[in-house]
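Take a look at the structure below.
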Amino acid sequence: MRKQKRRQIFENVEIVDAGAKGKTIGKAPDGRVVFLTNAVPGDVVDVQTTKKRKAYFEGEAITFHTLSDKRVSPECKHFGVCGGCKWQAMGYEHQLFYKQKEVENNLRRIGHLDLPEISPIIGSQKRYFYRNKMEFSFSDSRWLTLEEIQSGKEIKNKNALGFHIPGMWDKILDIEKCHLQEDPSNAIRLATKEFAIQNDISFFNPRNQNGMLRTMMIRTSSTGEIMVLIQFFEDVGSKRNLLLDHLAKSFPEITSLLFVINRKQNDTIYDQEIVCHAGRDHIFEEMEGLRFKINAKSFYQTNSEQAYELYKVTRELAGLTGNELVYDLYTGTGTIAQFIAKKAKKVIGIESVLEAIEDAKANAIQNNINNVHFYVGDMKTVLNEDFVNENGKPDIVITDPPRDGMHKEVVQQLLNIAPKKIVYVSCNSATQARDLEMMKNRYSIVKVQPVDMFPQTYHVENVVLLEKL
Ligand SMILES: C[S@@+](CC[C@H](N)C(=O)[O-])C[C@H]1O[C@@H](n2cnc3c(N)ncnc32)[C@H](O)[C@@H]1O
0 MRKQKRRQIF ENVEIVDAGA KGKTIGKAPD GRVVFLTNAV PGDVVDVQTT KKRKAYFEGE
60 AITFHTLSDK RVSPECKHFG VCGGCKWQAM GYEHQLFYKQ KEVENNLRRI GHLDLPEISP
120 IIGSQKRYFY RNKMEFSFSD SRWLTLEEIQ SGKEIKNKNA LGFHIPGMWD KILDIEKCHL
180 QEDPSNAIRL ATKEFAIQND ISFFNPRNQN GMLRTMMIRT SSTGEIMVLI QFFEDVGSKR
240 NLLLDHLAKS FPEITSLLFV INRKQNDTIY DQEIVCHAGR DHIFEEMEGL RFKINAKSFY
300 QTNSEQAYEL YKVTRELAGL TGNELVYDLY TGTGTIAQFI AKKAKKVIGI ESVLEAIEDA
360 KANAIQNNIN NVHFYVGDMK TVLNEDFVNE NGKPDIVITD PPRDGMHKEV VQQLLNIAPK
420 KIVYVSCNSA TQARDLEMMK NRYSIVKVQP VDMFPQTYHV ENVVLLEKL
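First residue of the sequence shown? That's 0 in numbering that gives the first Met the number 0, and the numbers climb one at a time after it.
Listed below in structure tokens is the structure:
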């Protein structure tokens, strides 16, 4: 009851902006900002607040007086309930506009940086079905929609295979069709669910920690190969084989059919043994004639086509002539390192995940690339003076850290190394801005190029070229 009282209604709020974590923005009557989850810039709405903070409110639009002309009909029937693809109701050109604005705002407001004109964001040709990897969860107590509950009908089958409801670790939304991964992704997922239900193969219950089927990962690739990995909690060998054999027979295009028996509380597979049921334990991706071996644990950019655009931008900004020593920090499976190798004298990749570095080395051999070298370890420990003395001072550093950005000791070490150029690739322009601020007295920002890897979401990738002052 008390909670209800604190909720406020603001009438006729015009939504004027979009940004921070995908939320859209209006103004409360007292001038405070209101962040909304279900409106589009240009809408005029009544807002019910859900949270009140000193400087802002959070809320939901409950009545729409004017619908924005930036709106489009979402493609997906699960839109609004599913946690993914939150910007589907906004036209793609407007999504790009707000992503570009977000990058600029972060660089200016967080980094306080002198910026050149920011290059227009590179949009994705594919607006849907662009992901090469999806992970789904099984549950024996699926999320019920309001209509289902209100219908009063008895719901017999509560099994689900889909996505977590945002913020709820134990509730899974059953997905009929996901618009993120090309077919036969949907067909494989639906066939798995149907066969499991027909054959009494139990779905996981995260609260009670029982049931067989836990998660499913599907990886598609530009070579047409498909990997499917099913994670089981309880293991009944005969039922497991029945399901996997059924999948292998129904989908001959699956070239790598894997499973994991995971009795841990959490469902990450990175510390688990992966067993190959049929086919190979890996698939291949291809880019510009290079082949990359991808196993179940490998990191590979999830939008392959836009990854190609991102890598081309990175290579172009590096401006290689063939004489440079390049460091590729946070190299993953060494994809950027190999992509630029032909145009550099030597490339050195550093990465913390051992398996990724093993893949990177194997891929370089497969691709007949002899001028790349890979090292494994935490960046702030590996990238030190001794490392530079041993491997040579780089002319160019490419850095592509995770969302948290670079550790400040790594930024400091980059300043000590003082390469002529740094190409900073980032999936989080807020942490990128923070890191760039530390470098601003020693480097000038010459180019800023946002790239959209994830249409229908608020995520944006950004590449910045820095040159030594
Ligand atoms: C955004 S990914 C970049 C991967 C690669 N550049 C690509 O395009 O495929 C970031 C990488 O940084 C690695 N990483 C995260 N923290 C690290 C650390 N402290 N030291 C070294 N590598 C780290 C992750 O394992 C991941 O492979």
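Backbone N, C-alpha and C define an ideal beta-carbon position, used for all residues, glycine too. Quick caveat: nothing in here was measured; it's all calculated off a predicted structure.
Per the coordinates, the alpha-carbon of Ser-201 lies some 9 Å from the alpha-carbon of Arg-213. CA-CA distance, Ser-140 to Ile-253, rounds to 29 Å. Our two residues, Phe-232 and Ile-347, have alpha carbons roughly 40 Å apart in a direct line. Approximately 7 Å separates the beta-carbon atoms of Met-211 and Lys-238; this is inside 8 Å, confirming the contact.
DSSP, reduced to helix, strand and coil, places Val-274 within a strand of the structure shown. Only buried fits Trp-142, as 16 or more other CB atoms lie within 10 angstroms of its CB.
Classified as exposed, Gly-236 has fewer than 16 neighbouring CB atoms from the shown chains inside 10 Å of its CB. Annotation for Ile-335: no beta strand (DSSP E) segment contains it, though the alpha helix (DSSP H) segment containing it runs 334 to 340.
Beyond the five residues adjoining it in sequence on each side, Lys-125 comes within less than 7 Å, by CB distance, of Glu-304 in the same chain, given in chain order.
The residue from Glu-284, Tyr-326, Asp-45, Glu-181 with its alpha-carbon nearest to that of Arg-130 is Glu-181.
At the C-beta level, Lys-341 and Glu-323 stay beyond 8 Å of one another.
Shown here for Gly-331: same chain residues with a beta carbon closer than 7 Å to its own, the five before and five after excluded, namely Phe-298, Glu-350, Ala-355 in chain order.
Counting other Cβ atoms within 10 Å of its Cβ, Val-445 stays below 16 and is therefore classed as exposed. Unbroken alpha helix (DSSP H) stretches of 4 residues or longer found wholly inside the stretch 104 to 182: 145 to 150, given in chain order. Shown here, Gln-230 sits in a strand according to DSSP, grouped into three states. Counting along the chain, the unbroken alpha helix (DSSP H) around His-245 starts and ends at 236 to 249.
In the displayed model, Leu-95 falls within a helix according to three-state DSSP. Counting along the chain, the unbroken alpha helix (DSSP H) around Ile-356 starts and ends at 353 to 365. Rounded to whole angstroms, the gap between the alpha carbons of Met-378 and Tyr-329 is 8 Å. Exclusion of the five residues before and after Leu-257 leaves Leu-228, Ile-273, Cys-275, Ala-295 as the residues of its chain whose Cβ lies within less than 6 Å of its Cβ. The closest heavy atom of ligand 1 lies less than 7 Å from the beta carbon of Thr-330. Bounds of any alpha helix (DSSP H) do not take in Ser-297, whose DSSP letter is neither H nor E.
Relative to ligand 1, the beta carbon of Ala-355 is positioned inside 7 Å of a heavy atom.
If the five residues before and after Glu-57 are omitted, its C-beta is found closer than 6 Å to the C-beta atoms of Phe-34, Thr-49, Lys-50, all from its own chain and listed in chain order. Residue range 407 to 416 is occupied by the alpha helix (DSSP H) that includes Lys-407, with no beta strand (DSSP E) assigned at that position. By the Cβ-count criterion, Tyr-442 is buried, with 16 or more other Cβ atoms from all chains shown falling within 10 Å of its own Cβ.
Secondary structure of Val-424 (DSSP, three-state): strand. Three or more beta-carbon pairs separated by less than 8 Å are not found between the stretch 406 to 420 and the stretch 77 to 97, which leaves the two stretches without contact. DSSP, reduced to helix, strand and coil, places Ser-221 outside both helices and strands of the structure shown, so it counts as coil. Nearest C-alpha to Gly-83 among Gln-365, Asp-385, Gly-21, Asn-370: Gly-21. With a cutoff of 8 Å on beta-carbon distance, Ile-217 and Met-286 are scored as not near each other. In this structure, ligand 1 has no non-hydrogen atom nearer than 7 Å to the beta-carbon of Met-452. Residue pairing from DSSP leaves Leu-468 without any beta-bridge partner. Between ligand 1 and Thr-430, a heavy atom-to-CB distance of less than 7 Å is absent.
At a Cβ-Cβ threshold of 8 Å, Met-452 and Asp-434 do not count as neighbours.
Counting the other Cβ atoms within 10 Å of the Cβ of Ala-195 gives 16 or more, which makes it buried.
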